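Presented below is the structure to which this report refers.
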Amino acid sequence: MKWDFQSNVFETELIEIAGTRERIVRGGRDKFPLLPKALNGVQQIGVVGWGSQAPAQAQNLRESLENSSIRVKVGLRENSGSLELARAAGFTEENGTLGEMYATIRESDLTLLLISDAAQAETYRDVFNAMKPGAALGLSHGFLLGVMENDNARFPDNINVIGVCPKGMGPSVRRLYVQGRGVNGAGINASFAVEQDIDGRAVDLAIGWSVALGSPFSFITTLENEYKSDIFGERGILLGAVHGLIEALYGRFRRAGMPEEDAFNESSESITGPISKTISHDGILAVYEKLPAEKRPAFQRMYNAVYAAAEPLIAEIYDEVASGNEIQSVVMAGRRLQKWPMGRVDGTHMWRVGERVRARRVEEKIPLNSEAAAAYIGVMMAQIDRLISNGHLHSEIANESVIEAVDSLNPYMHARGVDYMVDNCSTTARLGTRKWGPRFDHLIQQEAFTRFDSGETLDESPFAAFLEHPAHEALAVCAKLRPPVDISVV
């Protein structure tokens, strides 16, 4: 069964989550002595690339394995602009931990391919040719599988293929690991997948990798489900939707006559501050329950308006990802970027206002705006429902559509703005934000706000379903397995 697994090294446990049972593995620094056994047959881990994930993963692995004989080596292209960054992090040619990309792949027993998605699409055949028989290929995203499905290609039959996919950007993976040096289990949760197991080692290789990254708990998925939920989620509430939604809310509040700094407080600050923190610690429903009675009708009406408007766009995004269209779009965009690099995503005036607001911020005075809360949660729940309807597990949904948003990504926007959040992510995520964020901005303004202001009777079934939604139970279970410390990005 693809959703179950057994480990020869780590204890596993079954959890009840929204009426289903899922098997997980708890991580923690107390599990680090088990890593050499889990990584049986691995003398060298090659970390290929130096983008969003690679610096964090290379450093976390090196630290977790420091009492073992396993070497962590970074592989980069000759003349890569990242060579000096890797050297500054302590990976050098002199100590044998920095080398050329394909040479590193040829000598590694486990290769973590963490170059950009577009580069994976261009080079995967050469990567496969460089791998030695019996080695393992590690992916932190299912994107390559989607590319290969488009190309009608297959993984070589003489290697293990596994995935470990942290539920946060690379800087979060490193930051929480560092914060957790004195707190057992602090880190970013991760999903893991076994795409190909040629010798019975793949499950423990994947779990060992996840534990070594500092994952408080690891849950099973497939590379196919991972890329569908992850690429879809980035374009939705994780990045694209929250960017477009905040732009729409800020414009709405300004048109109503609100001063610009107040408008930023009621939109961006509200979402990345008290709304996200409430969801993180108490759940989605708690945001509504915190509102005074007189503001709850506005929440309900805005929720119904936004959910109805967002649902078809959310469905379109999922279909574009599942069909392979979005993956092909990223591959083609990667070629265009060589001539036309991406610009910034914070060019509108509101983000300059945000700089002033953050400079004078008093955290406890940030308002919990009922319209902003309803709009944000309405999009989030539409995304959750789309994933449920397509058979994704509740643990995956809770982590990728809720926990990653409020515990890993939104804190970066809260600290320094939307560009700091978006552009610390992968190229695939950055492209998705720029492509779909404006669609959400337009849709929310054109349809949701128009319906809300019209006075017409709205379909109330979305909010009724929200009150009894199984996602609340699922999130409550997953919240017990969240990192024991909040991320600090200051």
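This note's numbering applies: residue 886 is where the sequence shown begins, and numbers increase by one.
Note that beta-carbon positions come from the ideal geometry of N, C-alpha and C, so glycine has one too.
Note that this is a predicted model, so its numbers are computed, not measured.
Presumed contact (8 Å Cβ cut-off) between V957 and D1089, rounded CB distance: For this step, residue 957 is matched to residue 72 along the sequence shown. For this step, residue 1089 is matched to residue 204 along the sequence shown. Not confirmed; about 18 Å, so no contact.
N1210: first and last residue of the uninterrupted beta strand (DSSP E) it sits in: As a working mapping, residue 1210 is identified with position 325 in the sequence shown. Counting along the chain, N1210 falls outside any beta strand (DSSP E), though it belongs to the alpha helix (DSSP H) covering 1210-1221.
Limits of the alpha helix (DSSP H) - the one that P1056 falls within: Against the sequence shown, residue 1056 aligns to sequence position 171. Where P1056 is concerned, the enclosing alpha helix (DSSP H) stretches over 1055-1064.
Beta-bridge partners of V1049, as assigned by DSSP: The residue labelled residue 1049 in the question sits at position 164 within the sequence shown. For V1049, which the question treats as bridged, DSSP gives the partners F1077.
6 Å CB neighbourhood of M886 in its chain, flanking five on each side removed: For the purposes of this step, residue 886 is identified with residue 1 of the sequence shown, where counting begins at 1. Because M886 carries a pLDDT of 42, less than 50, the predicted location of this residue cannot be relied on, and the following value inherits that uncertainty. Correct list: empty, nothing qualifies.
Element boundaries [beta strand (DSSP E), containing V1247]: As a first step, residue 1247 must be located in the sequence shown, where it is residue number 362. No beta strand (DSSP E) holds V1247; DSSP gives it neither H nor E.
Spatial distance of E1109 from V1247 (CA atoms): Translated into the one-based positions of the sequence shown, residue 1109 becomes position 224. Translated into the one-based positions of the sequence shown, residue 1247 becomes position 362. About 43 Å.
Own chain partners of I1131 with C-beta closer than 7 Å, once the 5 adjacent residues on each side are dropped: By 1-based counting over the sequence shown, the position of residue 1131 is 246. Only S1152, S1153, I1156 meet the Cβ criterion.
Supposed close pair V933, T977 - CB separation, criterion 8 Å: Within the sequence shown, numbered from 1, the residue matching residue 933 stands at position 48. Within the sequence shown, numbered from 1, the residue matching residue 977 stands at position 92. The pair is not a contact, with the Cβ atoms about 17 Å apart (cut-off 8 Å).
Under the three-state DSSP convention, the category A867 falls into: Residue 867 lies beyond the stretch modelled for the chain, which goes from 886 to 1375, so this question has no answer here.
Beta-ladder partner(s) of E985, from DSSP: By 1-based counting over the sequence shown, the position of residue 985 is 100. Bridge partners of E985: L961.
Neighbourhood of S949 by C-beta distance below 7 Å, restricted to the same chain and skipping five residues each side: Indexing the sequence shown from 1 puts residue 949 at position 64. Closer than 7 Å at the Cβ level, and outside the excluded window around S949, lie F917, L920, A1097.
Given 8 Å, three or more beta-carbon pairs between the segment 954-973 and the segment 1133-1144: no
DSSP three-state assignment for M886, whether helix, strand or coil: Against the sequence shown, residue 886 aligns to sequence position 1. Bear in mind that the predicted position of M886 carries a pLDDT of just 42, short of 50, making it unreliable; the figure below should be weighed with that in mind. Three-state result, M886: coil.
contact_flag[the segment 1019-1026, the segment 1035-1053] where n(CB pairs < 8 Å) is 3 or more: yes
Contact between the segment 1197-1212 and the segment 1257-1275 (3+ Cβ pairs under 8 Å): yes
H1234 burial status per 10 Å Cβ neighbour count (16 or more: buried): Indexing the sequence shown from 1 puts residue 1234 at position 349. Flag for H1234 reads exposed.
Residue environment, P940, which counts as buried when at least 16 other CB atoms sit within 10 Å: The count along the sequence shown starts at 1 and reaches residue 940 at position 55. Result: buried.
Exposure of H1166, with buried meaning 16 or more beta-carbon neighbours within 10 Å: On the sequence shown, residue 1166 is found 281 positions in, with the first residue counted as 1. The residue is exposed, with fewer than 16 neighbouring Cβ atoms inside 10 Å.
T905 in three-state terms, based on DSSP: As a working mapping, residue 905 is identified with position 20 in the sequence shown. Residue state, collapsed to three classes: strand.
Pair within 8 Å by beta-carbon distance, V1242 and N1150: Within the sequence shown, the letter at position 357 stands for residue 1242. Within the sequence shown, the letter at position 265 stands for residue 1150. In contact: V1242 and N1150 (Cβ atoms closer than 8 Å).
Alpha carbon of N1275 to alpha carbon of A1193, nearest angstrom: Reading the sequence shown from its first residue, position 390 is the one you call residue 1275. Reading the sequence shown from its first residue, position 308 is the one you call residue 1193. Their Cα atoms are separated by approximately 19 Å.
Of the residues N1035, V1063, T1107, P1018, the one placed nearest D889, counting alpha carbons only: For this step, residue 889 is matched to residue 4 along the sequence shown. When only C-alpha atoms are compared, the closest one is T1107.
Burial state of Q891, where buried means 16 or more other Cβ atoms lie within 10 Å: Along the sequence shown, read from residue 1 onward, the residue named residue 891 stands at position 6. Counting Cβ neighbours within 10 Å, Q891 comes out exposed, since fewer than 16 surround it.
Beta-carbon proximity list for S1293, same chain, < 6 Å, skipping 5 on both sides: Sequence index remark: in the sequence shown, residue 1293 carries index 408 (1-based). So the qualifying residues of the chain are G1053, S1057.
Within 8 Å, strictly: CB atoms of L1061 and G1121: The sequence position of residue 1061 within the sequence shown is 176, counting from 1. The sequence position of residue 1121 within the sequence shown is 236, counting from 1. The answer is no: Cβ separation not under 8 Å.
Buried or exposed by the 16-neighbour rule on C-beta atoms within 10 Å, applied to W1189: The residue labelled residue 1189 in the question sits at position 304 within the sequence shown. For the sequence presented, residue 1189 should be read as Asn rather than Trp. Burial call: buried.
Residue of W1094, A1258, E985, G1019 minimising C-alpha distance to Q942: Locating residue 942 in the sequence shown gives position 57, counting from the first residue. Checked all of W1094, A1258, E985, G1019; the closest Cα to Q942 is W1094.
Expected contact under 8 Å - CB spacing of I1160 and A1257 to nearest Å: Start at 1 with the first residue of the sequence shown, and residue 1160 comes out as number 275. Start at 1 with the first residue of the sequence shown, and residue 1257 comes out as number 372. Sure, about 7 Å apart at Cβ, within 8 Å.
Extent of the continuous alpha helix (DSSP H) to which G1318 belongs: By 1-based counting over the sequence shown, the position of residue 1318 is 433. Going by the sequence as given, residue 1318 is Thr instead of Gly. Start and end: 1312-1328.
Beta-carbon spacing of E1111, A1078 below 8 Å: If you number the sequence shown from 1, residue 1111 lands on position 226. If you number the sequence shown from 1, residue 1078 lands on position 193. Closer than 8 Å, so yes.
Rounded straight-line distance, which links the Cα of G960 to that of A1218: Taking the sequence shown and counting its residues from 1, the one referred to as residue 1218 is at position 333. Taking the sequence shown and counting its residues from 1, the one referred to as residue 960 is at position 75. Their backbone Cα atoms lie some 25 Å apart in a straight line.
Contact check, P1347 vs A903, beta carbons under 8 Å: Residue mapping note: residue 1347 aligns to position 462 of the sequence shown, counting from 1. Residue mapping note: residue 903 aligns to position 18 of the sequence shown, counting from 1. No.
Residues near A971 in its chain [Cβ-Cβ closer than 7 Å; skip 5 each side]: Residue 971 sits at position 86 when you count from the first residue of the sequence shown. Same-chain partners within the cutoff: W935, V959, L961, L983.
Three-state secondary structure assigned by DSSP to A1141: Counting from 1 along the sequence shown, the entry for residue 1141 is found at position 256. Residue state, collapsed to three classes: coil.
6 Å Cβ shell around M1265 - same chain, five flanking residues per side excluded: Start at 1 with the first residue of the sequence shown, and residue 1265 comes out as number 380. Excluding residues within five positions, the ones whose Cβ falls inside 6 Å are I1122.
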